[in-house]
Amino acid sequence: MTETKIATLKNYIGGKWVEAKSDKTEEVFNPATGELIAQVPISSQKDVDDAVQVASEAFQEWKEVPVPKRARILFKYQQLMVEHWDELAEIVTIENGKNFNEAKGEVQRGIENVEFAAGAPSLMMGEQLPSIADGLESGVYRYPIGVIGGITPFNFPMMVPAWMFPMAIVTGNTFILKPSERTPLLANRLAELLELAGLPKGVFNIVHGAHDVVNGLLDHPDIPAISFVGSQPVAEYVYKRGTDNLKRVQALAGAKNHSIVLEDANMENATTQILNAAFGSAGERCMAASVVAVEESVADEFISLLHQKADGLKIGNGLDEGVFLGPLIRESHKERTLDYIATGENEGAKLVRDGRKDENAKSAGYFVGPTIFDHVSSEMKIWQDEIFAPVLSIVRVKDLDGAIALTNRSSFANGACIFTNDGGKVRQFRETIDAGMLGVNIGVPAPMAFFPFSGWKDSFYGDLHANGKDGLNFYTRKKVITTRWV
Ligand code: NAD
232 MTETKIATLK
242 NYIGGKWVEA
252 KSDKTEEVFN
262 PATGELIAQV
272 PISSQKDVDD
282 AVQVASEAFQ
292 EWKEVPVPKR
302 ARILFKYQQL
312 MVEHWDELAE
322 IVTIENGKNF
332 NEAKGEVQRG
342 IENVEFAAGA
352 PSLMMGEQLP
362 SIADGLESGV
372 YRYPIGVIGG
382 ITPFNFPMMV
392 PAWMFPMAIV
402 TGNTFILKPS
412 ERTPLLANRL
422 AELLELAGLP
432 KGVFNIVHGA
442 HDVVNGLLDH
452 PDIPAISFVG
462 SQPVAEYVYK
472 RGTDNLKRVQ
482 ALAGAKNHSI
492 VLEDANMENA
502 TTQILNAAFG
512 SAGERCMAAS
522 VVAVEESVAD
532 EFISLLHQKA
542 DGLKIGNGLD
552 EGVFLGPLIR
562 ESHKERTLDY
572 IATGENEGAK
582 LVRDGRKDEN
592 AKSAGYFVGP
602 TIFDHVSSEM
612 KIWQDEIFAP
622 VLSIVRVKDL
632 DGAIALTNRS
642 SFANGACIFT
652 NDGGKVRQFR
662 ETIDAGMLGV
672 NIGVPAPMAF
682 FPFSGWKDSF
692 YGDLHANGKD
702 GLNFYTRKKV
712 ITTRWV
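Written as structure tokens, this is what we have:
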């Protein structure tokens, strides 16, 4: 038997690929096959210190580079991403499991973030008031803040880092990325393309690892700001520890998104949209549809059409033609999902479609088929917790008031959708729902790069969200200059 040596990834510090100073590694698997594809270093505090030192030095020069020159590097980077689109998407599918089309869509979202950030010369402009009193004028100027730490989750290895580093660096900061240890491969390719685009050494750095790297970033006195995206308990922890260290922190967290289906909804559209939103990316999206609150009068019709469509979804390796539903990220996550399905049954919900019985659910990959529960209530754990898998809970409600009351009982408040053509009800939904990203007759209301990704309640900790002008404001600070001409 021949033994193939699986490579251990390197960190990227100061434009060099360097081995981590710790001996610890973790295995990285292709979730569709269970195959070992890499070892990721679990770096130490010393690796973080090295990266911060290099990034702090690079900041001194980078912040002086004129904004249009910094933007030009992003234009080149955008071009490289377009040229390498398929290659980047393939890496996403191999390490994350989502199907190739979804991976291509994710790369597109990344490209859009780069395009938005490339508008920095306009975005960074200040404001002037030439006359605040006799002979006096005032103006605001924008400046970068320093070395930014970015900590990202496994489910969007392309898009989520791209929410952070393009805007952070184009505004003159330097950046240290700690990618998810479960999907660490793409980050290294992104660094290679940044180098090709002409980004100076030390402006973008990667330190792979887990808790120790996160704590190293959170505690380092030379890091003024942390961008985090991940699960709710970790987001809360990162926000508390980071702000306790007097840092600026944005921490985007978990979700339990509700879709409301009213009796006048176009059922064909509602079921297709909710099918994609619940089972796309195997439900591993912070904007996934996890709960449907459907008006009792149309519940049977809705469920039967959804069930029929779910039966037609092809499950398998996301690189194979026509596959819709890929695997979950790890065996342990599959086990946790199976536990939740058992919990739902024990809690008395009616299991309408059992994803444990799908053929691929027994293969070497970590598959669970589309799973639908009916007659779920807000006392049940399957309604309360973020399962982050292709498990959809349906709650039958009397009317819109009942649907809104149910949605607003959730501790999470990332997204919410409504399916109806009744303008008055859309208005009531918009004005009374507790969620930061709303959809009307669409299933995944994830905002584009120029709007903020604006979760509420336990789906977000901080003030300024990722993306849009919030992102710009998060990565910059202002000086107000008042001048008397004498
Ligand atoms: P996770 O919280 O397990 O990990 C996120 C990051 O935190 C990783 O880099 C990980 O290494 C680090 N981390 C994990 N545990 C830690 C600990 N105890 N101490 C310090 N650092 C720790 O999240 P995940 O499973 O990779 O990602 C899925 C979660 O992310 C879901 O809850 C999803 O809803 C959320 N998410 C939210 C958004 C959003 O915009 N709100 C977007 C994408 C994902």
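For the sequence shown, the working numbering gives the first residue as 232, with consecutive numbering after it. The beta-carbon is built from N, C-alpha and C at its ideal position, and this holds for glycine as well. Quick caveat: nothing in here was measured; it's all calculated off a predicted structure.
Helix, strand or coil for residue i per DSSP?
i: Met668; result: strand
i: Glu368; result: strand
i: Ile673; result: coil
i: Ile304; result: helix
i: Glu234; result: Annotation note: pLDDT 47 at Glu234 (below 50); position unreliable, no value reported.
i: Tyr571; result: helix
i: Tyr706; result: coil
i: Cys376; result: It is Ile, not Cys, that sits at residue 376 in the sequence shown. Reduced to three states, the DSSP call for Ile376 is coil.
i: Asn577; result: helix
i: Trp687; result: strand
i: Leu582; result: strand
i: Ser594; result: coil
i: Trp248; result: strand
i: Ala680; result: coil
i: Leu416; result: helix
i: Leu493; result: coil
i: Ile505; result: helix
i: Arg715; result: strand
i: Ala456; result: strand
If you drop the 5 nearest sequence neighbours on each side, which residues of the same chain put their C-beta closer than 6 Å to that of residue i?
i: Leu319; result: Val338
i: Ala644; result: Asp665, Ala666, Trp687, Lys688, Ser690
i: Val722; result: Outside the shown range of the chain, which is 232 to 717, sits residue 722, and nothing can be said about it.
i: Asn261; result: Ile268, Ile325
i: Lys713; result: According to the sequence provided, residue 713 is Thr. The question's Lys does not apply to it. The answer, listed in chain order, is Ser369.
i: Lys656; result: Leu631
i: Gly245; result: Val285, Lys432, Gly433
i: Ala680; result: Glu343, Asn344, Phe347, Asn698
Please determine, among the options, the residue with the shortest C-alpha to C-alpha distance to residue i.
i: Arg516; options: Phe347, Ser528, Gly557, Ile491; result: Gly557
i: Val607; options: Gly579, Asp632, Asp453, Gly596; result: Gly579
i: Glu562; options: Ala251, Val259, Ile244; result: Val259
i: Phe347; options: Gly702, Val711, Ile712, Glu662; result: Gly702
i: His564; options: Val345, Gly265, Arg715; result: Gly265
i: Glu189; options: Pro464, Glu526, Ala399; result: Only positions 232 to 717 of the chain appear in the structure, and residue 189 is not among them; the question remains open.
i: Ala513; options: Leu637, Val622, Gly403, Glu326; result: Val622
i: Val599; options: Val434, Ser642, Phe555; result: Phe555
i: Asn488; options: Ala508, Pro415, Val469; result: Ala508
i: Asn704; options: Lys252, Leu354, Val313; result: Leu354
i: Ala286; options: Ile454, Leu637, Val323; result: Ile454
i: Tyr597; options: Gly328, Phe306, Val313, Ala428; result: Gly328
i: Leu417; options: Ala501, Ala334, Gly543; result: Ala334
i: Pro181; options: Leu421, Asp317, Asn698, Phe660; result: Since the first residue of the chain shown is 232 and the last is 717, residue 181 is not available in this structure.
i: Arg472; options: Asn404, Arg661, Tyr692; result: Tyr692
i: Arg373; options: Tyr706, Val717, Ser685; result: Tyr706
i: His439; options: Thr651, Trp248, Met518; result: Trp248
i: Gln270; options: Ile635, Lys629, Asp254; result: Asp254
i: Gln310; options: Lys709, Leu569, Leu425, Asp443; result: Leu425
On the criterion of 16 or more Cβ atoms from any shown chain inside 10 Å, does residue i qualify as buried, or is it exposed?
i: Pro297; result: exposed
i: Val523; result: buried
i: Gly729; result: Lying outside 232 to 717, the shown extent of the chain, residue 729 is not represented and no answer is given.
i: Gly654; result: exposed
i: Tyr243; result: buried
i: Asn436; result: buried
i: Thr663; result: exposed
i: Phe396; result: buried
i: Arg584; result: buried
i: Asn330; result: buried
i: Val717; result: exposed
i: Leu448; result: buried
i: Arg627; result: buried
i: Asn404; result: buried
i: Arg301; result: buried
i: Gly381; result: buried
Counting only the same chain and skipping the five closest in sequence on each side, list residues whose C-beta sits under 8 Å from that of residue i.
i: Glu494; result: Glu526, Ser528, Val529
i: Val313; result: Ile342
i: Lys540; result: Thr502, Thr503, Leu506
Apart from the five residues on each side of it in sequence, which residues of its chain come closer than 7 Å, Cβ to Cβ, to residue i?
i: Ala592; result: Gly586, Phe598, Val599, Gly600
i: Met232; result: Bear in mind that the predicted position of Met232 carries a pLDDT of just 37, short of 50, making it too unreliable to give a figure here.
i: Ala466; result: Phe459, Ala482, Leu483, Ala484, Tyr692
i: Glu661; result: This sequence places Arg at residue 661; Glu is not what is there. Here the set comprises Leu669.
i: Ala428; result: Ile304, Lys307, Tyr308, Leu311
Establish whether the CB of residue i and some CB of chain D are separated by less than 8 Å.
i: Glu326; result: You won't find chain D in this structure, because it holds only one protein chain.
Segments assigned beta strand (DSSP E), at least 3 residues, entirely inside the stretch 510–545: Runs of the beta strand (DSSP E) inside the stretch 510–545: 520–526.
In chain order, each alpha helix (DSSP H) run of at least 4 residues that lies wholly inside the stretch 280–367: Those alpha helix (DSSP H) runs which fall completely within the stretch 280–367 and span 4+ residues are 298–314, 316–327, 331–348, 351–354.
Residue ranges of each beta strand (DSSP E) within the stretch 614–667, 3 or longer: Fully enclosed beta strand (DSSP E) runs of 3 or longer: 622–628, 646–650.
Secondary structure, alpha helix (DSSP H): runs of 4+ residues fully inside the stretch 418–452: As far as the stretch 418–452 is concerned, its whole alpha helix (DSSP H) runs of at least 4 residues are 442–450.
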